[in-house]
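Down below is the structure, laid out as structure tokens.
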Amino acid sequence: MAGAISHHALAFSQSHWCSAKNSRFGKRTGNARLVYLKGRCGSGSRKLGLMWASSSQSSVMEPTHLPSDGNSSHTPKKSSESALILIWHGESLWNEKNLFPGCIDVPLTPKGVEEAIEAGKRICNIPIDVIYTSSLICAQMTAMLAMMQHRRKKILVITHNESEQAHRWSQIYSEETMKQSIPVITAWQLNERMYGELQGLNKQETVDRFGKEQVHEWRRSYDIPPPNGESLEKCAERAVAYFKDQAHLARPLYTN
Numbered sequence: 001m002a003g004a005i006s007h008h009a010l011a012f013s014q015s016h017w018c019s020a021k022n023s024r025f026g027k028r029t030g031n032a033r034l035v036y037l038k039g040r041c042g043s044g045s046r047k048l049g050l051m052w053a054s055s056s057q058s059s060v061m062e063p064t065h066l067p068s069d070g071n072s073s074h075t076p077k078k079s080s081e082s083a084l085i086l087i088w089h090g091e092s093l094w095n096e097k098n099l100f101p102g103c104i105d106v107p108l109t110p111k112g113v114e115e116a117i118e119a120g121k122r123i124c125n126i127p128i129d130v131i132y133t134s135s136l137i138c139a140q141m142t143a144m145l146a147m148m149q150h151r152r153k154k155i156l157v158i159t160h161n162e163s164e165q166a167h168r169w170s171q172i173y174s175e176e177t178m179k180q181s182i183p184v185i186t187a188w189q190l191n192e193r194m195y196g197e198l199q200g201l202n203k204q205e206t207v208d209r210f211g212k213e214q215v216h217e218w219r220r221s222y223d224i225p226p227p228n229g230e231s232l233e234k235c236a237e238r239a240v241a242y243f244k245d246q247a248h249l250a251r252p253l254y255t256n
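Set out below in structure tokens:
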């Protein structure tokens, strides 16, 4: 983590995340969710605080103080700590139809748009330096809509590093413009887990066909994947590995 931005917040919008091998993981309730994490940079010990919020309720556990938004009379000293905000995407068109989405790319519903906006209002005073999002449009829409509520009104700019030419052609050559921009980094590693042969199937019809216990095992077991799909374990491995390799770098990606 670059020291100059170490006290600010990182954010990403992701389709799915899993917290531990004991199968405890975030569960949707129909609302975009927020999780606020605060910890030290690098590979050392981490002290984390957690904030969970949806459009219906929120709760906070220590530490309760969010990073300064720059308007406070007290400006915190730069430190090795940073904040990570996890934003779960709003309702997608396939969520609305009760279909298994997996890695199928579908946009948000009007309700999902409202959820993303509400999520943005809840983080509108927290400084954001960089956004990591899955490559799926529902996650990217959530990130864009949420950040439109931010008080600093910075412009989100999607980075393109898929090739040397794409990277070169997407450079920003104005320092002033860079100051008013937030880089958005998309990564397939942050996608929802791949649901295999369940993708596109109606969830209730799948229960009727295979039985409640079998479908529950496919969806909630940590190491048992759906048919020709990806287990939560494998999904967690790629997402966590991505953050270990990339997210801790958290620095402006545009240079003169």
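Under the UniProt record's numbering, the first residue of the sequence shown carries the number 1, and numbering increases by one thereafter.
All residues carry an ideal CB built from backbone N, CA and C; glycine is no exception.
The structure presented is a predicted model; accordingly, all values stated were derived computationally and were not measured.
Bounds of the alpha helix (DSSP H) holding residue 242 are 232–245. Per DSSP, reduced to three states, the secondary structure at residue 190 is helical. Boundaries of the beta strand (DSSP E) harbouring residue 157: 155–158, taken from the DSSP string. Taking the Cα of residue 190 as reference, the smallest distance to any Cα among 163, 242, 179 is reached at 242. Just measuring C-alpha positions, the residue of 155, 183, 173 sitting nearest residue 161 is 183. Within the stretch 137–222, the alpha helix (DSSP H) runs of at least 4 residues that lie entirely inside it are, in chain order, 137–147, 164–169, 175–179, 203–210, 212–220. CA-to-CA, the gap between residue 169 and residue 163 works out to about 10 Å. Excluding its 5 nearest sequence neighbours in each direction, residue 90 has C-beta neighbours in its own chain below 6 Å: 32, 108, 112, 115, 116, 142, listed in chain order.
A straight line joining the alpha-carbon of residue 145 with that of residue 211 spans about 38 Å. The DSSP-derived three-state label of residue 106 is coil. From the listed residues 214, 226, 166, the smallest Cα separation to residue 193 is found for 226.
CA-to-CA, the gap between residue 176 and residue 150 works out to about 19 Å. The beta-carbon separation of residue 201 and residue 229, rounded to 11 Å, does not stay under the 8 Å limit for a contact. Going by C-alpha positions, residue 127 is about 44 Å away from residue 207.
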